[in-house]
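Protein chains in written order, with the working numbering: chain A, 17 to 780; chain B, 78 to 399. Beta carbons: idealized from backbone N, C-alpha and C, even for Gly.
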Amino acid sequence: MSKEKLRLGFAGRFEEKEVTLAENDPAPWDPGHKFSLLGSRVARLDGKAKVTGKARYSIDVVLPGMLYGKMLRSPHPAAIVKSVDLSAAQRMPGVKAALSIIQPGEKVRFAGQEVAAVAADTSERAIDAIGAIRVVYEPTTFVVDLEEAKKPEAPLVLQPRAEKKSGDPYAAELGGKGLPRKGNVQGPRTFEKGNTEEGFRQSDVIVEGTYVTQVQTHTALETHGVVARWEGDELTVWASTQGIFSVRDELAAVLNVPASKVHVITEYMGGGFGAKFGARVEGVTAAKLARAAGAPVKLFLDRKEEHLATGNRPSSVQWIKAGATKDGKLTALHLVVHGTGGTNGGTGTSGPLKNIYACDNVKTVEYDVFTNAGPSAAMRAPGHPQGSFALEATMDELARKLGLDPLELRLKNDPSEVRREEFRIGAEKIGWKTRDERRRTKDPAIRRGIGTGAAVWYNTGGTGPKASVTIHRDGSAEVVHGVQDLGTGARTMVGIVAAEELHLPLERVAVKIGDTHLPYGPASGGSTTTPSSAPTIRAAAYQAKQKVAEVLAKGWGVSPSEVVFSDGVFSVHGDADKRLAWKQACAKLPEEGVSATAARAENHPDAWKRFTAGAQFAEVEVDTETGLVRVVKVVAVHDCGLVVNALTTESQVQGGVIQGVSYALYENRILDRSTGRMVNPNVEQYKIVGARDVPEIEAILVPVWDGVNSTHSVGIGEPATVPTAGAIANAVSHAIGARIRRLPITPEAVLEALEEAGSKGGVA
Amino acid sequence: MKPFVLLPARTLSEAAREAARPNTALKAGGVDLLDRMKEGLDSPERVVSISHIPGHDRIELGPPARIGALSTLARISSHPDVKRVYPALAAAAEGAATPQIRNMATLGGNLCQRPRCWYYRLAEFDCRKKGGRECFALEGENRFHAIFETDVCCCVHPSATAVALLAYGGRLETVSPKGKRTIPIEDFFVRPTKDPTREHSLQPGEIIETVVIPAPVEGSRSVYTKLKEKESFDWPLVEACVNLTVSGGAVRDARVILGSVAPIPRRAKEAEAILIGAKPSAAVAAKAAEAAVSSATPLSQNAFKVRLARVVLERTLREAMA
Numbered sequence: 017m018s019k020e021k022l023r024l025g026f027a028g029r030f031e032e033k034e035v036t037l038a039e040n041d042p043a044p045w046d047p048g049h050k051f052s053l054l055g056s057r058v059a060r061l062d063g064k065a066k067v068t069g070k071a072r073y074s075i076d077v078v079l080p081g082m083l084y085g086k087m088l089r090s091p092h093p094a095a096i097v098k099s100v101d102l103s104a105a106q107r108m109p110g111v112k113a114a115l116s117i118i119q120p121g122e123k124v125r126f127a128g129q130e131v132a133a134v135a136a137d138t139s140e141r142a143i144d145a146i147g148a149i150r151v152v153y154e155p156t157t158f159v160v161d162l163e164e165a166k167k168p169e170a171p172l173v174l175q176p177r178a179e180k181k182s183g184d185p186y187a188a189e190l191g192g193k194g195l196p197r198k199g200n201v202q203g204p205r206t207f208e209k210g211n212t213e214e215g216f217r218q219s220d221v222i223v224e225g226t227y228v229t230q231v232q233t234h235t236a237l238e239t240h241g242v243v244a245r246w247e248g249d250e251l252t253v254w255a256s257t258q259g260i261f262s263v264r265d266e267l268a269a270v271l272n273v274p275a276s277k278v279h280v281i282t283e284y285m286g287g288g289f290g291a292k293f294g295a296r297v298e299g300v301t302a303a304k305l306a307r308a309a310g311a312p313v314k315l316f317l318d319r320k321e322e323h324l325a326t327g328n329r330p331s332s333v334q335w336i337k338a339g340a341t342k343d344g345k346l347t348a349l350h351l352v353v354h355g356t357g358g359t360n361g362g363t364g365t366s367g368p369l370k371n372i373y374a375c376d377n378v379k380t381v382e383y384d385v386f387t388n389a390g391p392s393a394a395m396r397a398p399g400h401p402q403g404s405f406a407l408e409a410t411m412d413e414l415a416r417k418l419g420l421d422p423l424e425l426r427l428k429n430d431p432s433e434v435r436r437e438e439f440r441i442g443a444e445k446i447g448w449k450t451r452d453e454r455r456r457t458k459d460p461a462i463r464r465g466i467g468t469g470a471a472v473w474y475n476t477g478g479t480g481p482k483a484s485v486t487i488h489r490d491g492s493a494e495v496v497h498g499v500q501d502l503g504t505g506a507r508t509m510v511g512i513v514a515a516e517e518l519h520l521p522l523e524r525v526a527v528k529i530g531d532t533h534l535p536y537g538p539a540s541g542g543s544t545t546t547p548s549s550a551p552t553i554r555a556a557a558y559q560a561k562q563k564v565a566e567v568l569a570k571g572w573g574v575s576p577s578e579v580v581f582s583d584g585v586f587s588v589h590g591d592a593d594k595r596l597a598w599k600q601a602c603a604k605l606p607e608e609g610v611s612a613t614a615a616r617a618e619n620h621p622d623a624w625k626r627f628t629a630g631a632q633f634a635e636v637e638v639d640t641e642t643g644l645v646r647v648v649k650v651v652a653v654h655d656c657g658l659v660v661n662a663l664t665t666e667s668q669v670q671g672g673v674i675q676g677v678s679y680a681l682y683e684n685r686i687l688d689r690s691t692g693r694m695v696n697p698n699v700e701q702y703k704i705v706g707a708r709d710v711p712e713i714e715a716i717l718v719p720v721w722d723g724v725n726s727t728h729s730v731g732i733g734e735p736a737t738v739p740t741a742g743a744i745a746n747a748v749s750h751a752i753g754a755r756i757r758r759l760p761i762t763p764e765a766v767l768e769a770l771e772e773a774g775s776k777g778g779v780a
Numbered sequence: 078m079k080p081f082v083l084l085p086a087r088t089l090s091e092a093a094r095e096a097a098r099p100n101t102a103l104k105a106g107g108v109d110l111l112d113r114m115k116e117g118l119d120s121p122e123r124v125v126s127i128s129h130i131p132g133h134d135r136i137e138l139g140p141p142a143r144i145g146a147l148s149t150l151a152r153i154s155s156h157p158d159v160k161r162v163y164p165a166l167a168a169a170a171e172g173a174a175t176p177q178i179r180n181m182a183t184l185g186g187n188l189c190q191r192p193r194c195w196y197y198r199l200a201e202f203d204c205r206k207k208g209g210r211e212c213f214a215l216e217g218e219n220r221f222h223a224i225f226e227t228d229v230c231c232c233v234h235p236s237a238t239a240v241a242l243l244a245y246g247g248r249l250e251t252v253s254p255k256g257k258r259t260i261p262i263e264d265f266f267v268r269p270t271k272d273p274t275r276e277h278s279l280q281p282g283e284i285i286e287t288v289v290i291p292a293p294v295e296g297s298r299s300v301y302t303k304l305k306e307k308e309s310f311d312w313p314l315v316e317a318c319v320n321l322t323v324s325g326g327a328v329r330d331a332r333v334i335l336g337s338v339a340p341i342p343r344r345a346k347e348a349e350a351i352l353i354g355a356k357p358s359a360a361v362a363a364k365a366a367e368a369a370v371s372s373a374t375p376l377s378q379n380a381f382k383v384r385l386a387r388v389v390l391e392r393t394l395r396e397a398m399a
């Protein structure tokens, strides 16, 4: 442990802070540090392989003698499975294995739940074979609508806890440990700060409203699945996953094999957005089928299965009441939310409300409502896009009632210095000042509007990850680290950090990731990948470099601490003879080179701690006669700590905005009221933004040197999508002079809002 | 998908003979057929492929214009003569699907494709279109469904080119084992009240060979407009196509078609009656559009489509009058 004075902060607002550093861990870079590579725009190491089709994703893996797995799913949203008869399927041509996933007497709780599976020599034969499985269901009453499910007489979606049966594949994920449950309603989870009643008494204006959001599915390009191969008692799995180690550990536990004999590989991956942790039903089933058949099994889901059963962003019905003084100081915020994640909980949306604007009196009350629908999974900033939509609409409503500019109201209540700066940058770029005069266009039916919203995320990343760096005698280096690249550019990030620390061109660094035989890497979730991995890589590279210095010191007869490394040159101060450039220095290494394995150091407790901040502005065009909305432009200003690769970071911000536009305007899982089945399990009627619907996006990165870890890294995956829908909804409301209270903002939602406003005395 | 035999036909007549046999499907671009086969909606034992047969993708201006049924939507939408003489047809073809699909989809296939109703498209719903007893959309999720003729099956007709051809008064020349015949486009469509399991009147083995479109009358103008939620890859919420002939300061002839609002493309005769004889004006356009939707019977979730149909038709009329 040592203490070092660091300059921390952002864009000219730096202050000195004494920070405690871990042993043998490099000090965080100074804001004045000149980087050779880090922070510039670096093309992905695997970009060419991806665009030429050479990159082998897990879904592309084909092994000799490989079989194809397919699962049979329940057509009923609620039923007791009386029997599962596999015999006819087992006799089908090409079928090598068949198994039940649900046992007789167990319940299925949503249409699409896995019931049984087969493995056959072709995928067509596997599909035919599941059609031959005879399952007797006893359908029971069900409920798919949130409001219906809240009623005391509603059919019970989950069994009371005591009755939970083992072997039920969903029993383990039925969330909300310890929360009270009444009928289908679980909760509340409550948070209280100050006294909201008192806060409302102090207020001069109060607004309240109910905001409704839909269910969004993850719809990653690569579907869920694995290829599983047994060799004796050793299992190798190629998975499409955000966490190779969590897949390994779940398979080991469920299949009762040592974790040391399970090997998981994710070389390339086509997205996850939070729904790809653990082996899941399809991974376990593939491994079981492979064991039963004595042959490798590939089991990847199709698009329909993806929508039905692999997770989603829960819906929400949020009631918000907010109070402020006449000069615009928030005095109270009160949120009551009900959401449904189908058979899963975790539907809260209070994150933005609790953590963005400063308010002394805050109360949040959150309930999960269970329905007979596919279970939710973590999805890119769980709870935040929903919460931000409701909160930012509330802020705009308050501003209107106070006669204040919505941006001014936000600046007054925003405790984050970084975000206030982001608001100012974004406002300038979008032309906030002229937003009112730009509302009217040449076409009287078309209105323009501009809206804004804020993002918060939590400065995460932590211990656990390890990495090894080897420096060879020819001066090239190799970095190995068991992180997987979801498509965010993690592979390139690993290479850049090592190359920067060693002052090497990126081409001289070999990167190996995506394999559980490598040192432990973090699961990619919570926007923690870069803040977990980057400092680990840097530490390993730093320590390997120290070992070079040790070799040189021995030869020079000085102490290793006297050898300094700067601009690719090792030298001893004041001794011109003791000076070697990198390549010559490395030539002095023994044949095996030098290696170091480092572990991620603890976050520095005394660094410049903050929540990660973002601000977005959206400009829209609304056809007031048809209700159609087009997003014209989004300016997204984000704090990403110290950026490792500007190109892929901007790309992540753009991706977050695109997904946010899609959530705001189009995406919606629709369940049929009378059968409980999803009617749009495809990408035709489950509408996702297309190329021509993507607005101009200006991604602006605000570097922050926080000193929390040695590379000042924070993640951007999640905050980038948090405020988009809220900013768009506010822009639409600005354009039409009527409040949008639900997502997606369909033509009919706009027309209804206009009508509501019209009936209340006209639209400005 | 069930195994099937693929039969590449050498001529359309040969294809017609093969296609007349039971359990046989006809494949041109294959865009819609393959989707249906994958979902198990159609499980033919034989698939007769015609896309490669030469000579049926010619576009001749005529008059009358003759467009081979194997012409792709991409070709029709970019053909300079079609764009100039039949702009509504070019626009209808251009706005459909995606560039990749338009490169494969043929005019004949576009006219014969099955509806996009999600209940029809999912094997687990045994709806009237599949010979079942129920139209699930009537009481179910019907945001995108019909607002006219909603009594038996409330899907909407999927073909954009059909809407334009109806506005032009086109006709279809077909080949079948019984010989050749000509079907006026009006007679091509089958209402669900007659038979909910089909949308067109072609007989088994009957193949559209050529689409014939009369030459435009002096002073006529045609405009096609569609309203989609998304610009990329989306089906229209509503479509309107008008073919107006104005001379001597008054509308002499009007053909007004609404698409994506009924199980077949809908000729809005109420609107035509108001337009014919009237002086073109914004007020007349508004009145005609209002009349066109006056008899709509929307379902529980799609009343907004009535308004959209009115607005889109009014705008289309104004553009045609301008």
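Checklist entry - Using a beta-carbon distance below 8 Å, is Arg-384(B) in contact with chain A? => result To locate residue 384(B), count along the second sequence from 1; it is residue 307. Chain A, which has a Cβ nearer than 8 Å to the Cβ of Arg-384(B), makes this yes.
Checklist entry - What residues of chain B sit near Glu-91(A), judged by a beta carbon separation below 8 Å? => result Position 75 of the first sequence, counting from 1, holds the residue named residue 91(A). Here residue 91(A) turns out to be Pro, not Glu, going by the sequence shown. Near Pro-91(A) (Cβ distances below 8 Å), the residues of chain B are Glu-201.
Item to check | CB contact check: Val-388(B) to chain A, cutoff 8 Å | outcome: Walking along the second sequence from the start, residue 388(B) turns up at place 311. Taking Cβ atoms only, chain A reaches closer than 8 Å to Val-388(B), which makes this a yes.
Checklist entry - Under a three-way DSSP split, which group does Ser-253(B) fall into? => result Here residue 253(B) refers to the residue found at position 176 of the second sequence. The answer is strand: DSSP assigns Ser-253(B) an E or B state.
Checklist entry - By the criterion of Cβ-Cβ separation under 7 Å, what are the contact partners of Ile-117(A) in chain B? => result As a working note, residue 117(A) is residue 101 in the first sequence. Near Ile-117(A) there are no residues of chain B at all, since even the closest Cβ is about 19 Å away, more than 7 Å.
Checklist entry - In chain order, which continuous runs of the alpha helix (DSSP H) of length 4 or greater are located wholly inside the region 95–135 of chain A? => result 103–106
Next on the checklist: Checking 8 Å against the spacing of the C-beta atoms, do Ala-569(A) and Val-580(A) come in under that value?
Outcome noted: By one-based count along the first sequence, residue 569(A) stands at place 553. By one-based count along the first sequence, residue 580(A) stands at place 564. No, these two residues do not count as a Cβ contact at 8 Å.
Item to check | 8 Å contact criterion, which Ala-769(A) and Ile-756(A) should meet: CB distance rounded | outcome: Locating residue 769(A) in the first sequence gives position 753, counting from the first residue. Locating residue 756(A) in the first sequence gives position 740, counting from the first residue. Rounded, the Cβ-Cβ distance is 6 Å, consistent with contact.
Next on the checklist: Against chain A, does Ser-253(B) count as a neighbour if the rule is that its beta carbon must be under 8 Å from one of theirs?
Outcome noted: Counting from one through the second sequence, the residue named residue 253(B) turns up at place 176. Cβ-Cβ to chain A under 8 Å: no for Ser-253(B).
Checklist entry - For Asn-696(A), which residues in chain B fall below 8 Å Cβ to Cβ? => result Walking along the first sequence from the start, residue 696(A) turns up at place 680. Trp-195, listed in chain order.
Checklist entry - Shortest alpha-carbon distance to Ala-362(B) belongs to which of Val-333(B), Ile-341(B) and Pro-340(B)? => result Along the second sequence, read from residue 1 onward, the residue named residue 362(B) stands at position 285. Among Val-333(B), Ile-341(B) and Pro-340(B), the Cα nearest to that of Ala-362(B) is on Val-333(B).
Item to check | Straight-line gap, Ser-99(A) to Val-152(A) (C-alpha atoms, nearest Å) | outcome: Translated into the one-based positions of the first sequence, residue 99(A) becomes position 83. Translated into the one-based positions of the first sequence, residue 152(A) becomes position 136. Cα to Cα, the separation comes out at about 5 Å.
Item to check | Test: Gln-701(A) CB closer than 8 Å to a CB of chain B | outcome: Position 685 of the first sequence, counting from 1, holds the residue named residue 701(A). Taking Cβ atoms only, chain B reaches closer than 8 Å to Gln-701(A), which makes this a yes.
Item to check | Reference Ala-338(A); option with closest CA among Ala-506(A), Ile-117(A), Asn-377(A) and Gln-119(A) | outcome: Locating residue 338(A) in the first sequence gives position 322, where the first residue counts as 1. The shortest C-alpha separation from Ala-338(A) is found at Asn-377(A).
Checklist entry - Got a sec: is the Cβ-Cβ distance from Ser-139(A) to anything in chain B below 8 Å? => result The residue you call residue 139(A) lines up with position 123 of the first sequence. Chain B contact via Cβ: absent.
Item to check | Glu-316(B) beta carbon less than 8 Å from that of Leu-335(B) | outcome: As a first step, residue 335(B) must be located in the second sequence, where it is residue number 258. As a first step, residue 316(B) must be located in the second sequence, where it is residue number 239. Taking 8 Å as the Cβ cut-off, Leu-335(B) and Glu-316(B) qualify as a contacting pair.
Checklist entry - Taking the DSSP output, what are the residues bridged to His-277(B)? => result In the second sequence, the residue the question calls residue 277(B) occupies position 200. Paired residue(s): Phe-266(B).
Checklist entry - Distance, Cα to Cα, Val-108(B) vs Met-114(B)? => result The count along the second sequence starts at 1 and reaches residue 108(B) at position 31. The count along the second sequence starts at 1 and reaches residue 114(B) at position 37. Their backbone Cα atoms lie some 11 Å apart in a straight line.
Item to check | For Gly-511(A), the first and last residue of its enclosing alpha helix (DSSP H) | outcome: If you number the first sequence from 1, residue 511(A) lands on position 495. Here the alpha helix (DSSP H) through Gly-511(A) covers 506–518.
Checklist entry - Name the chain A residues that come within less than 8 Å of Phe-81(B), Cβ to Cβ? => result Position 4 of the second sequence, counted from the start, is the residue given in the question as residue 81(B). Neighbours of Phe-81(B) on chain A: none; closest Cβ ~11 Å, over 8 Å.
Checklist entry - My guess is that Pro-42(A) and Tyr-373(A) are in contact by the Cβ rule of under 8 Å, so how many angstroms apart are they, rounded? => result As a working note, residue 42(A) is residue 26 in the first sequence. As a working note, residue 373(A) is residue 357 in the first sequence. Wrong, their Cβ atoms sit about 37 Å apart, outside the cutoff.
Next on the checklist: Considering only DSSP beta bridges, list what Tyr-227(A) is partnered with.
Outcome noted: Within the first sequence, the letter at position 211 stands for residue 227(A). DSSP lists Gln-334(A) as partners of Tyr-227(A).
Checklist entry - For the region 586–660 of chain A, which segments carrying the alpha helix (DSSP H) assignment without a break, of at least 4 residues, lie completely within its bounds, in sequence order? => result 598–603
Item to check | Burial state of Gln-600(A) (16 or more Cβ within 10 Å) | outcome: Here residue 600(A) refers to the residue found at position 584 of the first sequence. Gln-600(A) is exposed by the Cβ-count criterion.
Item to check | Rounded Cβ spacing between Leu-162(A) and Thr-387(A) (contact assumed at less than 8 Å) | outcome: Position 146 of the first sequence holds residue 162(A). Position 371 of the first sequence holds residue 387(A). That belief holds up - the Cβ atoms of Leu-162(A) and Thr-387(A) are roughly 6 Å apart, short of 8 Å.
Item to check | Inter-residue spacing [alpha-carbon to alpha-carbon] between Ser-256(A) and Leu-317(A) | outcome: To locate residue 256(A), count along the first sequence from 1; it is residue 240. To locate residue 317(A), count along the first sequence from 1; it is residue 301. The alpha-carbon atoms of Ser-256(A) and Leu-317(A) are separated by roughly 11 Å.
Checklist entry - Less than 8 Å separating the beta-carbons of Lys-86(A) and Ile-146(A)? => result Looking up residue 86(A) in the first sequence gives position 70. Looking up residue 146(A) in the first sequence gives position 130. Contact: yes.
Checklist entry - Who are the neighbours of Ser-331(A) on chain B, taking C-beta pairs under 9 Å? => result Mapped onto the first sequence, residue 331(A) falls at position 315. Ordered by position in chain B, no residue passes the 9 Å Cβ test against Ser-331(A), which lies about 16 Å from the chain.
Next on the checklist: Does the CB of Met-78(B) have a neighbour CB from chain A at under 8 Å?
Outcome noted: As a working mapping, residue 78(B) is identified with position 1 in the second sequence. Yes, its Cβ sits closer than 8 Å to a Cβ of chain A.
Checklist entry - Is there at least one Cβ from chain B nearer than 8 Å to Pro-535(A)'s Cβ? => result Locating residue 535(A) in the first sequence gives position 519, where the first residue counts as 1. It does not; no Cβ of chain B falls within 8 Å.
Checklist entry - Listing by chain order, which chain A residues have their CB less than 9 Å from the CB of Lys-307(B)? => result On the second sequence, residue 307(B) is found 230 positions in, with the first residue counted as 1. Per Cβ cutoff of 9 Å: Leu-681, Tyr-682, Lys-703, Ile-704, Val-705, Gly-706, Arg-708 and Asp-709.
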